[in-house]
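Residue numbers (this note's numbering): 46 to 302.
Here you go:
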């Protein structure tokens, strides 16, 4: 299928590893001109060099001027952004009784504010041109809060509320706004969570990981490339009638439709 995004300019946040990198690679494979970014500028540039048409940008999106600097770099290299993929590293694990005011503020500053700032910068141009894609890479915690991930559950749910509201406001302008919710995908974040939860339950990491995998109906962890392919579709011309939606990519892990 031709996804219809050849030549489109795509900014992919936190794309130096994991799901962000997989999404950047999938978009590049479809002919998009990709802005790879993250705090590790050397890694961003290394990944960009492997893609057909891409740049690597060192950026801290949590910094107040981070989103504006990222948009400026994208526009200087390729022009206005057509696709923005919102993504950020997950906050530290912990239960709801393990967190305080400062932790919640930090989670919002990481998971919500940078994305709202970035969207506000690119949205006017998307609406004027009559085409745009805003996609947030989040977590199944948006629909089913995950034990030991209180901060992620709080921040990503708040982001979801903002994006759903936004989707209804801009759908008539040819701009779609969606979320893609990963379950257990084989990334460093999954390894981190397995290690944390295994320690809390007093079992070995390998035992916990095997148990967690067996609980997934697909009986395996997802691969980053599989996730990236779904992300690319949601950013495509083919998905122009899909908006205001949170789509799960979880191997059937969430026990509801």
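The beta-carbon is built from N, C-alpha and C at its ideal position, and this holds for glycine as well.
query, result
"For residue 296 versus residue 228, is the C-beta spacing smaller than 8 Å?", "yes"
"Please go through the stretch 242-288 and give each complete alpha helix (DSSP H) segment of 4 or more residues, from N-terminal end onward.", "250-259 and 269-279"
"Which one of 67, 74 and 114 has the shortest CA to CA distance from residue 48?", "74"
"Identify, in the order they occur along the chain, each residue of the same chain with its Cβ nearer than 8 Å to the Cβ of residue 267, setting aside the five sequence neighbours on each side.", "227, 228, 229, 230, 231, 294, 295 and 296"
"Tell me whether the beta-carbon of residue 63 lies closer than 8 Å to the beta-carbon of residue 233.", "yes"
"From which residue to which residue does the beta strand (DSSP E) around residue 221 run?", "220-227"
"Once DSSP output is grouped into helix, strand and coil, what is the label at residue 114?", "helix"
"CA-CA distance, residue 196 and residue 149?", "6 Å"
"Which residue marks the beginning of the beta strand (DSSP E) containing residue 54, and which one marks its end?", "54-57"
"In the DSSP assignment, find the unbroken beta strand (DSSP E) run with residue 99 in it and report its ends.", "99-103"
"Please identify the residue among 203, 139, 191 and 124 whose C-alpha is closest to the C-alpha of residue 171.", "124"
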